[in-house]
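For the sequence shown, the positions run 3 to 182 when my numbering is used.
All C-beta atoms in this analysis are idealised placements derived from N, C-alpha and C, irrespective of residue type, glycine included.
Keep in mind that this is a model prediction, so the values were computed, not measured.
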Amino acid sequence: MRVIVGRIGRPHGIRGEVVIGVRTDEPDLRFAVGATLGFGATPDDDPPGGATLRVAAKRWHSGQLLVAFAGVTDRTAAGELTGSWLSVDSSQLPAPPDPDEFRDHELIGLSVRTCAGDPVGVVTDVLHYGQDLLVVRRADDSGGECLVPFVTAIVPEVDVRAGVVVINPPPGLLDPAQAL
């Protein structure tokens, strides 16, 4: 599975550098000199034909990450890359040091059930707003979605190997009619 780590923005200067919209917690590691990144036109694209870019140089300037890629030596060539999404294979990512830390791609696709064992649905996305939220496509006939706050009080167990997220939903989370 491919994991998005950035998006190429506008060219910077005349020697082929581009501004990177960083989408990773580890930009210095992902964009290290010599790192190879896949790229595509949309976040869901696998690199077309195995298209890759190798980082030739990187630097921080005014809070922005500037990257030069091997073979991209002028502003025109850099401009042709604008808007491309950069990704790495998830197998290249080391396991998080905290056993209670998960990457989004590890959670998407897991089955969700309550502590009582009742099926709820499947995790389809993870949103990162003021609070991390699991987007769960409901297994019942409603076909809708519910948002589950990703906190220990509501999500006491995540077993990636077993493919299960266990939730302890407060009244009203799964059925608004039961809200207090």
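Would you be able to state if there are at least three C-beta pairs under 8 angstroms between the segment 84 to 104 and the segment 112 to 124?
no
Along the chain, where does the alpha helix (DSSP H) that runs through T78 open and close?
77 to 82
Backbone CA spacing between L39 and V20 [nearest angstrom]
14 angstroms
If contact is defined by three or more beta carbon pairs under 8 angstroms, each pair taking one atom from either stretch, is the segment 161 to 179 in contact with the segment 104 to 112?
yes
DSSP state of Q180 mapped onto helix, strand, coil
helix
Thinking A53 and G18 are a contact (beta carbons under 8 angstroms), I'd like their distance in whole angstroms, please.
Not really, about 17 angstroms apart at Cβ, beyond 8 angstroms.
If you pair each beta-carbon of the segment 30 to 45 with each one of the segment 79 to 94, do three or more pairs fall below 8 angstroms?
yes
What residue range does the beta strand (DSSP E) around D91 cover?
87 to 91
Using three-state DSSP, classify D30 as helix, strand or coil.
helix
In its own chain, which residues sit with a C-beta less than 6 angstroms from the C-beta of E147, not counting the 5 before and 5 after it?
V137, R139
By how many angstroms is the C-alpha of Q66 removed from the C-alpha of A72?
20 angstroms
Using the Cα positions of L135 and V153, report the straight-line distance between them to the nearest angstrom.
9 angstroms
Quick check on L68: buried or exposed, where buried means 16 or more other Cβ atoms within 10 Å of its Cβ?
buried
Taking the alpha helix (DSSP H) that E108 belongs to, which residues open and close that run?
106 to 109
Between the alpha carbons of V7 and V90, how many angstroms are there, rounded?
7 angstroms
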